[in-house]
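Quick note on numbering: full-length UniProt numbering labels position 28 of the sequence shown as 28, and the sequence is numbered without any gaps.
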Amino acid sequence: MDPVVFQQLAAGLAIGIGAVGSAIGEGYIAGKALEAIGRNPEASDKITPLMFVTMAIAESTAIYALVISLIILFG
1 MDPVVFQQLA AGLAIGIGAV GSAIGEGYIA GKALEAIGRN PEASDKITPL
51 MFVTMAIAES TAIYALVISL IILFG
């Protein structure tokens with residue numbers, strides 16, 4: 001098989017696996033934050049910004065996977 005096929009397959013797997021892990025993590029973060037707000041609605045002003053910061057950290061994994069995928073394809 002052509003090496004380009006393996007290159008494209010590796011790039012697809014890199015972004016696919018990275019995005020799945022990030023999505024699972026973000027869903028878990030959002031679920032736990034909403035549970036906490038449901039238990040203590042007065043604390044929502046403190047929980048919501050923290051949730052967004054932690055979701056941004058979790059999303060960085062998908063961004064790194066995208067960068068690696070682009071490096072594999074065009075590097």
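In this text, a Cβ means the ideal position worked out from N, Cα and C, and glycines have one as well.
{"Item": "Neighbour-count burial assignment, A56, 16 or more Cβ in a 10 Å radius", "Value": "exposed"}
{"Item": "Contact under 7 Å by Cβ, A11 with L66", "Value": "no"}
{"Item": "Assumed close pair Y64, G18 - CB separation to whole angstroms, cut-off 8 Å", "Value": "7 Å"}
{"Item": "Spatial distance of P41 from M51 (CA atoms)", "Value": "14 Å"}
{"Item": "Nearest-angstrom Cα separation, counted from D2 out to I71", "Value": "19 Å"}
{"Item": "Alpha carbon of Q7 to alpha carbon of G21, nearest angstrom", "Value": "21 Å"}
{"Item": "Whole-Å CB distance - T54 paired with I29, under 8 Å assumed", "Value": "5 Å"}
{"Item": "Limits of the unbroken alpha helix (DSSP H) element including A11", "Value": "P3 to R39"}
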